[in-house]
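Residue 231 in UniProt numbering sits at position 231 of the sequence shown, and the numbers go up by one each step.
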Amino acid sequence: MDSKTSSSNGNVAEAENSNNPVDNSNPITKAMASNGTDVGDGTAKNTYFRADKIDFKSWDIQLEKHLSRVWSKEKERVNPVKEEWEIDLAKLDLKCVVAHGTYGTVFKGVYDGQDVAVKVLDWGEDGMATAAETAALRVSFKQEVAVWQKLDHPNVTKFIGASMGTSNLRIPNKSSGPHDSLPPRACCVVVEYLAGGTLKSFLIRNRRRKLALKVVIQLALDLSRGLSYLHSKKIVHRDVKTENMLLDTNRILKIADFGVARVEAQNPRDMTGETGTLGYMAPEVLDGKPYNRKCDVYSFGICLWEIYCCDMPYPDLSFADVSSAVVRQHLRPEIPKCCPASLASIMRKCWDANPNKRPDMDEVVRLLEAVDTSKGGGMIPEDQVGQGCLCFGPTRGP
1 MDSKTSSSNG
11 NVAEAENSNN
21 PVDNSNPITK
31 AMASNGTDVG
41 DGTAKNTYFR
51 ADKIDFKSWD
61 IQLEKHLSRV
71 WSKEKERVNP
81 VKEEWEIDLA
91 KLDLKCVVAH
101 GTYGTVFKGV
111 YDGQDVAVKV
121 LDWGEDGMAT
131 AAETAALRVS
141 FKQEVAVWQK
151 LDHPNVTKFI
161 GASMGTSNLR
171 IPNKSSGPHD
181 SLPPRACCVV
191 VEYLAGGTLK
201 SFLIRNRRRK
211 LALKVVIQLA
221 LDLSRGLSYL
231 HSKKIVHRDV
241 KTENMLLDTN
251 RILKIADFGV
261 ARVEAQNPRD
271 MTGETGTLGY
281 MAPEVLDGKP
291 YNRKCDVYSF
301 GICLWEIYCC
311 DMPYPDLSFA
321 DVSSAVVRQH
331 LRPEIPKCCP
341 ASLASIMRKC
351 WDANPNKRPD
361 MDEVVRLLEA
371 VDTSKGGGMI
381 PEDQVGQGCL
391 CFGPTRGP
């Protein structure tokens, strides 16, 4: 760069590299401009800087700020800011597979010295899922975590934390060999571990001997109170079934698996689509109509029947037959004759074809609390059915 001397202002440095405009994003140029230096008509050729007016300290400050912003952006790219619910995977040790579900695999593990259940969201084989599919799964996972992390109720499984990646996790191998690695793009959610297993497995174990009415009501109240709490938070579970309910060692029931749960839309038409498990799905959901929290009430009614009977609804019908019959023929599980009238009434109210006629879950809680369990009334065990009690009649329906 050449220098010239100005006759009126003493020594002045002139920038004569080109006719290109001055880069005003440059922190040094900004510093000089901010200190009253004449920058001419905006071209390097006609820009003069008074050396005695240049504030070199300001240059240093501006340059330091500029470099700090660059370094911060690079740090965020390499080490993104963690969400408040993200856990330290170094403290998580997976032990064994507990269950395989629709939305992932559940492991038993230990996190920071505490027994936990770890749900890993399956992405399919590494490299098989498209970018769009992976993105959709990650959004779904974040939605589940957003729902779960804010919940605090004795009948809802306690959320501990989650991770948007599993690159540091090792899954137990079935053999005695080394552990397998999870795809780095997989995600996991960590919750309290409940040793009692699922409600469904508990009912299967009691299929022949059945449950005392007091136990039926206790389980039903646990479930109804948990759902009432979710609905008070404007959350619709959308997949209420006995497989998604867990028991602790004291047989306390807790709602789990919020994989398809969502905040209830203000406009019911925003909530459509077949979401849930066939056999528990409300008619309006099966029919593709708009729905709200009352779809959970319907599913609860089916669960209540299942808890009382320790049996599966519609065991002899195909999925297609169930879907059609529930919507068009108002098919419902057959209520045993030995079922107390008060409990049978709750079942019928909950699975009413008209969602508007179904009670809210807080009302269901009150109805269950009013059931008299002092005189028995539980389902008759199978080995006693031939001793004068015919629990089921010849007809099916509500």
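Ideal Cβ positions, reconstructed from N, Cα and C, are used throughout, including at glycine.
Because the structure is a prediction, the values reported are computed rather than measured.
Shown here, histidine 100 sits in a strand according to DSSP, grouped into three states. Under the rule that a run must span 4 or more residues, the alpha helix (DSSP H) segments found entirely inside the region 209 to 263 read 213 to 232. With respect to the C-alpha of alanine 117, the residue from Glu192, Arg205, Asp60 having the closest C-alpha is Glu192.
Secondary structure note for glutamate 363: its alpha helix (DSSP H) is the uninterrupted segment 361 to 369. Under the three-state reduction of DSSP output, lysine 119 falls in the strand class. Around the CB of aspartate 115, fewer than 16 other CB atoms lie within 10 Å, so the residue is classed as exposed. Assignment of threonine 134 by DSSP, reduced to helix, strand and coil, places it in the helix class. The C-beta of cysteine 96 has fewer than 16 other C-beta atoms within 10 Å across all chains shown, which makes the residue exposed. Setting aside the 5 residues that flank it on each side, isoleucine 204 is surrounded in the same chain by Cys310, each with a C-beta closer than 8 Å to its C-beta; the list follows chain order.
When the five nearest sequence neighbours on each side are left out, the beta carbons in the same chain lying within less than 7 Å of the beta carbon of alanine 220 are those of Leu304, Ile307, Leu368, in order along the chain. About 13 Å separates the Cβ atoms of serine 232 and valine 364, ruling out a contact at the 8 Å cut-off.
In the DSSP assignment, cysteine 350 falls within the unbroken alpha helix (DSSP H) covering 341 to 350. Between methionine 347 and leucine 227, the C-beta gap is not smaller than 8 Å, which leaves the two residues out of contact. Non-local beta-carbon contacts of leucine 286 in its own chain, meaning distances under 7 Å to residues more than five positions away in sequence, involve Glu274, Ser323, Val326, Val327 in chain order. Between valine 145 and alanine 162, the beta carbon gap of about 5 Å places them in contact (Cβ cut-off 8 Å).
For glutamate 192, the uninterrupted beta strand (DSSP E) run begins and ends at 187 to 192, by DSSP. In this structure, isoleucine 255 and valine 147 do not form a Cβ contact; the two beta carbons are roughly 11 Å apart against a cut-off of 8 Å.
Contact between methionine 379 and cysteine 338 holds: their C-beta atoms lie close to 7 Å from each other, under 8 Å.
Secondary structure of glutamine 329 (DSSP, three-state): coil. The three-state secondary structure of glycine 161, taken from DSSP, is strand. Residue Ala370 holds the alpha-carbon nearest to the alpha-carbon of alanine 341 among Ala320, Asp316, Ala370. Linking leucine 253 to leucine 199 through their CA atoms gives a straight-line distance of about 8 Å. Glycine 279 sits in coil when the DSSP states are folded into three classes, being neither helix nor strand. With distances taken between CA atoms, valine 98 lies nearest to Gly197 out of Gly165, Pro154, Cys188, Gly197. Around the C-beta of lysine 210, 16 or more other C-beta atoms lie within 10 Å, and the residue is accordingly described as buried. In this structure asparagine 244 is buried. Its beta-carbon is surrounded by 16 or more other beta-carbon atoms within 10 angstroms.
Leaving aside the five residues that flank lysine 241 on each side, the residues in its chain whose CB is nearer than 6 Å to its CB run, in chain order, Thr277, Tyr280. Taking each of Phe202, Asp60, Gly288 in turn and checking the Cα distance to leucine 246, the smallest one comes out for Phe202. Within the same chain, Leu92, Asp93, Leu94, Lys95, Val116, Val118 come within 7 Å of glycine 109 by CB-CB distance, once the 5 residues on both sides are set aside. The three-state reading of DSSP puts aspartate 383 in helix, counting H, G and I together. Selection Gln143, Asn292, Pro336, Thr249 evaluated against arginine 238 yields Asn292 as nearest (Cα-Cα). The C-beta distance from cysteine 187 to phenylalanine 141 rounds to 5 Å, short enough to fall under 8 Å.
Shown here, aspartate 93 sits in a strand according to DSSP, grouped into three states. Around the beta carbon of threonine 130, fewer than 16 other beta carbons lie within 10 angstroms, which makes this residue exposed. Residue pairing by DSSP puts threonine 105 in a beta bridge opposite His100, Val120.
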